[in-house]
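Numbered according to our numbering, the sequence shown spans residues 1 to 62. Think of the CB as a built atom: it goes at the ideal place given N, C-alpha and C, for glycine as much as any other residue. First up is the structure itself, then whatever we jot down about it.
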Amino acid sequence: MNADKPDSAQVDGEIIDLWVRKTGSSFQVKGTFRNRPFTGKGSSASAAKADWIKQAEYEANR
1 MNADKPDSAQ VDGEIIDLWV RKTGSSFQVK GTFRNRPFTG KGSSASAAKA
51 DWIKQAEYEA NR
């Protein structure tokens, strides 16, 4: 079992707490931005974090 590891990202001037988890051969990043949960997925922790940031930035610019 893999424990979640803390991380953070800045989106629209806000620092957001994130949690990174390895699931099999992929990674998931979970966090909440403006009361909406997002999950980023990727083949590496940085790719999953980039996916999460992309989703949160889309929300920020809606």
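With respect to the alpha helix (DSSP H) encompassing residue 56, which residues constitute its N-terminal and C-terminal limits?
Walking along the sequence shown from the start, residue 56 turns up at place 56. That run of the alpha helix (DSSP H) goes 45-60.
Does DSSP classify residue 12 as helix, strand or coil?
Here the question's residue 12 lines up with position 12 in the sequence shown. Residue state, collapsed to three classes: coil.
So the beta strand (DSSP E) residue 34 belongs to, where does it begin and stop?
Here residue 34 corresponds to residue number 34 of the sequence shown, with the count starting at 1. Looking at the DSSP string, residue 34 is not in any beta strand (DSSP E), and its letter there is neither H nor E.
Who are the near neighbours of residue 123 in its chain, counting only those whose CB is closer than 7 Å to its CB and skipping five residues on each side?
The structure shown does not extend to residue 123, since the chain is modelled only from 1 through 62, so no value can be given for it.
Since residue 26 contacts residue 41 with CB under 8 Å, what's their CB separation in whole angstroms?
As a first step, residue 26 is located in the sequence shown; it is residue number 26 there, counting from the start. As a first step, residue 41 is located in the sequence shown; it is residue number 41 there, counting from the start. Residue 26 to residue 41, Cβ: 6 Å. Contact.
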